[in-house]
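Numbering (the working numbering), first residue to last: 173 to 706. C-beta atoms are modelled at their ideal positions from N, C-alpha and C, and glycine is treated no differently. In what follows, a single structure is set out as structure tokens and then discussed.
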């Protein structure tokens, strides 16, 4: 029995001895203590290929200048007051005759490349994907062995496709012409814009007139790959501009929809419309604060509460304004403009007094964070996708209210012939109040959408008031369909003009176009029909 215990104890001690033994061979470590720069860089690459905890420990120590070497070529990692031997796995006191290894810029770059390449071998697929995406821009020939090892181990089809492109990118600078040619052909399907300067350089000439890429076959393939890349990037840019144009148009539609009711149907020039957007955004901010304090576990649901809250708060303020100021100014556009402009200044100052002059942040819920990747590099953000569908929902709701409800019937009756509606018993004053409140409430919903795209501040509405009036006037006063088409159209034109003319000139060009268009067609895209057009 005693002999069995002794055998078990021996096996246990042997297991611990094996476990304590590091995986880094002394032959790999010795060049790091030498003076041969090429040998040191080669050693870093071979150590990285081990892809284990010991290799990561040593490379991080090299990066942090925490590696010592003795005159005999023995390496130690400094860890506090102790020295760790990466060859044996033992800790001891710092050797008296050891000196720090000099890590020059070239060696430090090799270490950084090795550390970034090691992430390709991570157990976390998210980290591997992120590392592959990052290396598409920075892959070097020194990383090619590590990339090849990661490609051999990778099981995820999406990450494997990325690694194939990364491997080709690294091999573009290979001294072997056949390897370079294979790499260029492999990159034919890439959408990485960072490859363009590399391919263009391969097709350029040296100062002495010789070709940078000496092999003609490689140059021919580089031309084909560059043409395919340019075409693919052009298609990606077009789809991106199309999406972001629709996104901008959706924002303009949400900001202008309320104005289409107050200005288009009622004829009120409401210069405080932008501040009602701002109030909707601040209502969203307050809802977020309340959820963080009282319901932190349900924080992602704050936006669902913010939508009706913003509508009611902005609509309530609109009702108060109509009952106290606007009702006395019907038919007097100049006085209405001046009064609502003064109200806008008062609302901005009120918000500054309550929340301060600095912008506040409204965070996206987790289900609106991130985006979906298309065509390789185009990212369609979830918050903009949600806002596009939300804008369509609001348009449908407004159309139903105006065309399928009793309130909508009264609104259309009052706007077409107020006296006749009054004669048949319609409470025109009450309809005016509710109509103005509805327009202001919709502006509040627009503020909720704007809060998901950027910071919220007292001047938020000032950026959209002019654009809102342009959308309503261009679409046709009182025409819901015209407002939708004008908003999406202006958003698309703006996004396609910006890359060519710049943001400022694009705005100026759009404004000039609208002025000329209104001169030729004062009624806008869609003219009103019936008595209201007279």
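Is the CB-CB distance between residue i and residue j below 8 Å?
| i | j | result |
| --- | --- | --- |
| residue 280 | residue 249 | no |
| residue 616 | residue 455 | yes |
| residue 445 | residue 431 | yes |
| residue 256 | residue 246 | no |
| residue 307 | residue 294 | no |
| residue 575 | residue 555 | no |
| residue 437 | residue 587 | yes |
| residue 643 | residue 428 | yes |
| residue 651 | residue 540 | no |
| residue 527 | residue 613 | no |
| residue 549 | residue 363 | yes |
| residue 401 | residue 443 | no |
| residue 501 | residue 507 | yes |
| residue 453 | residue 566 | no |
| residue 298 | residue 237 | no |
| residue 223 | residue 321 | yes |
| residue 313 | residue 345 | yes |
Using DSSP's beta-bridge definition, name the partner residues of residue i.
| i | result |
| --- | --- |
| residue 251 | 254 |
| residue 272 | 240 |
| residue 417 | DSSP lists no partner for residue 417. |
| residue 383 | 377 |
| residue 546 | 550 |
| residue 265 | 254 |
| residue 532 | 628 |
Under the assumption that residue i contacts residue j (Cβ atoms under 8 Å), give the Cβ distance between them as a whole number of angstroms.
| i | j | result |
| --- | --- | --- |
| residue 490 | residue 641 | Actually they do not touch by this definition, with Cβ atoms about 17 Å apart. |
| residue 397 | residue 359 | 5 Å |
| residue 286 | residue 231 | 6 Å |
| residue 658 | residue 674 | Between residue 674 and residue 658 the Cβ distance is about 23 Å, and since that is not below 8 Å, they are no contact. |
| residue 601 | residue 538 | About 46 Å; that fails the 8 Å criterion. |
| residue 368 | residue 384 | Going by Cβ atoms, the distance from residue 368 to residue 384 rounds to 15 Å, so no, they are not a contact pair. |
| residue 654 | residue 698 | 4 Å |
| residue 160 | residue 463 | Lying outside 173 to 706, the shown extent of the chain, residue 160 is not represented and no answer is given. |
| residue 283 | residue 234 | 5 Å |
| residue 547 | residue 407 | 7 Å |
| residue 305 | residue 273 | 32 Å between Cβ atoms; not a contact. |
State buried or exposed for residue i, treating a residue as buried only when at least 16 other CB atoms are found within 10 Å of its CB.
| i | result |
| --- | --- |
| residue 399 | exposed |
| residue 300 | buried |
| residue 377 | exposed |
| residue 193 | Low per-residue confidence applies at residue 193: pLDDT is 42, beneath 50, and the placement is therefore not dependable enough to give any value. |
| residue 684 | exposed |
| residue 258 | buried |
| residue 343 | buried |
Evaluate the contact criterion for the stretch 627 to 647 versus the stretch 388 to 402: three or more CB pairs, one atom per stretch, below 8 Å.
no
Under 8 Å, with one C-beta from each stretch per pair, do the stretch 513 to 529 and the stretch 626 to 633 reach the 3-pair mark?
yes
Quick test of the definition: if touching needs 3 or more C-beta pairs under 8 Å, does the stretch 211 to 221 touch the stretch 307 to 321?
yes
Do the stretch 417 to 424 and the stretch 552 to 570 touch if we need at least three Cβ pairs shorter than 8 Å?
yes
Is the stretch 667 to 683 touching the stretch 447 to 466 in the sense that three or more CB pairs, one from each, lie closer than 8 Å?
no
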